[in-house]
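Colleague:
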Amino acid sequence: MSFKKCALASLALSFAICTGPATAHAADDGLITKPSKYSVKETVTRFEAAVKQKEAAGFTVFTEIDHAAAAKKFGLDLRPRTVIVFGNPKLGTPAMVKTPLLAIDVPPKALVWEDDQGKVWLSYNSSDYLYNTIYPRHGAAAPPATAPFAKLLDEISDQATK
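For the sequence shown, my numbering assigns the number 149 to the initial residue and increments by one for each residue that follows.
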């Protein structure tokens, strides 16, 4: 390969790495990140509405944490970043009864954030990461079927971002 082709390939790879996620994906770190076509505020509202649509199945929004608002109280600037804590007490509570330290990592959370270019993203831990990394970290047994939760996360996040 010529020097010019090698330099162009290196530049293209560097650009791909530096520009961040372009589509939904599960990285090695267990995070799924999806672009949103809405503002942070609207994406948060849409995500919470999608979770609330699953209330009959036991899902709820516990709280949200607006990191940018908290930073502003102390005179600091931070691009919009809101964490939504949500879950299903019927599923999580029995696991936390057996394994109290599991509560440091669950219920699940979603982060709606704006990057330096003003693009809005939604990130959350994959169900695979939750059940194959977080649960074992605490010695907790994962439920026998994790695919339904993965599907639910995908549905909720799509409703929030598309």
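We treat Cβ as the ideally placed atom computed from N, Cα and C, and that holds for glycine.
Because the structure is a prediction, the values reported are computed rather than measured.
When you compare only the Cα positions, how much space is there between V188 and H286?
Modeller: Counted from its first residue, the sequence shown places residue 188 at position 40. Counted from its first residue, the sequence shown places residue 286 at position 138. When rounded, the distance between both Cα atoms is 32 Å.
Colleague: When we look at the beta-carbon of L270 and count the other beta-carbons within 10 Å, is it buried (16 or more) or exposed?
Modeller: Residue mapping note: residue 270 aligns to position 122 of the sequence shown, counting from 1. That one is buried.
Colleague: Less than 8 Å separating the beta-carbons of I180 and E212?
Modeller: As a position in the sequence shown, residue 180 is number 32, starting the count at 1. As a position in the sequence shown, residue 212 is number 64, starting the count at 1. Taking 8 Å as the Cβ cut-off, I180 and E212 do not qualify as a contacting pair.
Colleague: Return the first residue and the last residue of the beta strand (DSSP E) that R229 is part of.
Modeller: As a position in the sequence shown, residue 229 is number 81, starting the count at 1. Here the beta strand (DSSP E) through R229 covers R229 to G235.
Colleague: Comparing alpha-carbon positions, which option in Q201, Y186, G235 and A198 lies nearest P228?
Modeller: Taking the first residue of the sequence shown as 1, we reach residue 228 at position 80. When each option's Cα is compared against that of P228, the closest is Y186.
Colleague: Quick one: Cα of A290 to Cα of F195, how far?
Modeller: Counted from its first residue, the sequence shown places residue 290 at position 142. Counted from its first residue, the sequence shown places residue 195 at position 47. Whole-angstrom Cα-Cα distance: 25 Å.
Colleague: Measure the beta-carbon distance from N273 to P284 and round it to whole angstroms, keeping in mind my assumption that it falls under 8 Å.
Modeller: Locating residue 273 in the sequence shown gives position 125, counting from the first residue. Locating residue 284 in the sequence shown gives position 136, counting from the first residue. With 8 Å as the limit, N273 and P284 do not qualify as a contact, their Cβ atoms being about 14 Å apart.
Colleague: Would K310 be called buried (16 or more neighbouring beta carbons within 10 Å of its own) or exposed?
Modeller: Along the sequence shown, read from residue 1 onward, the residue named residue 310 stands at position 162. K310 should be labelled exposed.
Colleague: Is T230 near V260, with beta carbons less than 8 Å apart?
Modeller: Taking the sequence shown and counting its residues from 1, one reaches residue 230 at position 82. Taking the sequence shown and counting its residues from 1, one reaches residue 260 at position 112. Cβ distance < 8 Å, so T230 and V260 count as in contact.
Colleague: Taking only three categories from DSSP, how would you classify Y279?
Modeller: Taking the sequence shown and counting its residues from 1, the one referred to as residue 279 is at position 131. It is helical.
Colleague: Residues in the same chain with beta-carbon distance under 7 Å from D214, minus the five sequence neighbours each way, listed in chain order, please.
Modeller: On the sequence shown, position 66 is the one that residue 214 refers to. Closer than 7 Å at the Cβ level, and outside the excluded window around D214, lie T230.
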